[in-house]
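> After the structure tokens below, expect a handful of questions from me.
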Amino acid sequence: GPSVGRGAMLAAARCAATRAARATTPRLQLSRRQQSTALRKSSSIMPEWATSPVYVAAVIGVVVAQRLLSGSGRSKDADNIKPGVTDAAYKPPHERMAARSAPAPAAETVAAAAVAPATAAPMAPATAAAAPDASPPDTAPEPELPGRPFASEAAVPEPAGAVVSFGDLSAFTDGADVWLRKPAAHGGLHCKLTEGKPMGAGTKVLGFTHDGAWLITVTGSTKMTAFPVAGAEPVDVVSLPDKSGSPTLGPLHFVDIPNLLLLEISGLVPGGSPAVYRVELPSPTADARASAPMLDTTAPLVRGKPTRWMVDEASATVRGVLMEDNGTTSLLMRDAEDARHGGELWTATCQRLGLPLPPLDPSAPPVFSEWRTVAEWDRASQTRFLGFREGLAWLQLTNAHEYVAMAADGLRFELGFTQTD
């Protein structure tokens, strides 16, 4: 009937639609894959084979194999490298293999060494030598004495002039020779430093250097000699021509730097004013000459003539001078400044801009400020210069109980003492 035919037609239509849908799905999936592949090709610079699963799997396999092989080798060759062990404990593989393959000592040899009885040997007498790890004695070492022997003189030499001392040694001249004297239980012992080479009349002893290695003498105003206390031959410090109009020696300044002297010489610089020179002595035990005098400091460019120089012994630098002009004495001083890299121009620029100063330059020569006149007086004032010590010049004022210490920057410190009956 009509109803059966209509049902058959609906069933046939459903089957046709199902077949059409199944046929369309693979084509849609293929189209999407093609689009994704096209997108990868257009957005990647790698070749197509590099992204293939086969290639990626091969690379992963090679990496895994290398890791496995390296792990097996580490257990054999790197057994000496452990966490916490520094490079200093590392040994090359060939050294470790040699240590492993070295034969062990024979058992009987070790046993024999372990049980060998101690033989009775005669005991050596005790010596005065201390053990290597013994602490040094508390007493200070004795000063090194001259190589020339000390002896008791039948005719004891008498000093002719000043006597200078260093420790238990004293030095003097008897008018012809220079002597050293040291105390002894039965009297003084003497050593003649000028054996066979008398200095002659007019020789004076000036003093020992700060370390006692040299004794300085002067003959007249033209010759200065240094005698090494530990021996060797004397050294001529300065030897000037002894004639009219020639340069002359001035005062000697002892400093705290070994083998260095500062002395004044007049007549070498233009104008003939006294200037300060440096002389370097050789080693006291070496047979060598002293250096030629080198100019250190000349007079400031002010009116007058220098009459006394002030030297800082610790740094061996000239820090002050007394200038005299027509009865007026001026005290001029200067400060020692820190030498910095770049020189004065760089330092001044940093100070002007408020920047940190350049680093210090310990190898640079000494740097000083300008000379400043910090005090003046005339002969009527009876002001007296007392000396220079640690950067201060000491003056005694008109009143004998008032003293003033002057600094290079102009500061003054007054001291007053009350006279008691």
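Using the working numbering, you'd call the opening residue of the sequence shown number 1 and step up by one each time.
Glycine residues also receive a C-beta, built at the ideal position from the N, C-alpha and C atoms.
1) According to DSSP, simplified to helix, strand and coil, what is Q351?
2) Round the Cβ separation of A201 and G175 to the nearest angstrom and send it over; I've been treating them as touching at under 8 Å.
3) Using the three-state DSSP reduction, which class does W346 fall into: helix, strand or coil?
4) Identify whether G250 lies in helix, strand or coil by the three-state DSSP scheme.
5) Does DSSP put V218 in a helix, in a strand, or in coil?
6) Give the DSSP-derived three-state secondary structure of S273 in the structure shown.
7) Count the other C-beta atoms from every protein chain shown that fall within 10 angstroms of the C-beta of F388, then say buried if there are 16 or more, exposed otherwise.
8) Quick check: the Cα distance between P284 and N259, rounded to an integer number of angstroms?
9) Please list the terminal residues of the continuous beta strand (DSSP E) segment that includes K192.
10) Among all the DSSP beta bridges, which residues are the ones paired with T298?
11) Indicate the three-state DSSP secondary structure (helix, strand or coil) for R303 in the structure shown.
12) Just curious, the beta strand (DSSP E) that R181 is in, first and last residue?
13) Could you round the C-beta distance between R372 and A405 to whole angstroms and report it? I think they count as a contact, below 8 Å.
14) With a cut-off of 8 Å, do at least 3 Cβ pairs link the segment 366-385 to the segment 327-347?
15) What first and last residue would you give for the beta strand (DSSP E) that runs through W371?
16) Below 8 Å, can you find three or more Cβ-Cβ pairs linking the segment 309-322 to the segment 341-355?
17) Determine, using beta carbons only, whether A171 and L206 come nearer to each other than 7 Å.
18) Looking only at C-alpha atoms, which of K204, T298, A184 sits nearest to I265?
19) To which residues does DSSP link D168 through a beta bridge?
20) Figure out for me which residue from L180, S381, G61, L395 has the closest Cα to the Cα of V229.
21) Give me the Cα-Cα distance between W394 and H186, rounded to the nearest whole angstrom.
22) Can you give me the Cβ contacts of M294 inside the same chain, cut-off strictly under 7 Å, excluding the 5 residues immediately before and after it?
23) Cα separation between G167 and F385?
24) In this structure, does DSSP put V255 in helix, strand or coil?
25) Can you find the residues in the same chain that come closer than 6 Å, C-beta to C-beta, to T194, ignoring five residues on each side of it along the sequence?
26) Specify the secondary structure class of P228 as computed by DSSP and reduced to three states.
27) Can you tell me whether R334 is helix, strand or coil according to DSSP?
28) On a CA-only basis, which of L360, M199, V56, A160 is nearest M224? Give me that one, please.
29) Per the DSSP calculation, T398 is bridged to which residue(s)?
30) Taking DSSP as the reference, what is the three-state secondary structure of V404?
31) Alpha carbon to alpha carbon, what distance is there between S381 and G267?
32) Please classify G250 as buried or exposed, where buried requires at least 16 other C-beta atoms within 10 Å of its C-beta.
33) Rounding to the nearest angstrom, what Cα-Cα distance links R412 and Y403 in this structure?
34) Could you check if T173 belongs to the surroundings of the ligand FAD, using beta carbon to heavy atom distance under 6 Å?
35) At the level of alpha carbons, what is the spacing between W377 and P306?
A quick look at the data gives this:
1) helix
2) 6 Å
3) helix
4) strand
5) strand
6) coil
7) buried
8) 8 Å
9) 189-192
10) DSSP, once it has assigned bridges, lists no residue as partnering T298.
11) coil
12) 178-182
13) Not really, about 15 Å apart at Cβ, beyond 8 Å.
14) yes
15) Looking at the DSSP string, W371 is not in any beta strand (DSSP E), and its letter there is neither H nor E.
16) no
17) no
18) T298
19) None, per the DSSP bridge assignment.
20) L180
21) 44 Å
22) Y277, R278
23) 30 Å
24) coil
25) D177, V178
26) strand
27) coil
28) M199
29) Note: T398 sits in no beta bridge, so no partner.
30) strand
31) 31 Å
32) buried
33) 10 Å
34) Looking for the ligand FAD in the displayed structure turns up nothing, as the structure carries no ligands at all.
35) 15 Å
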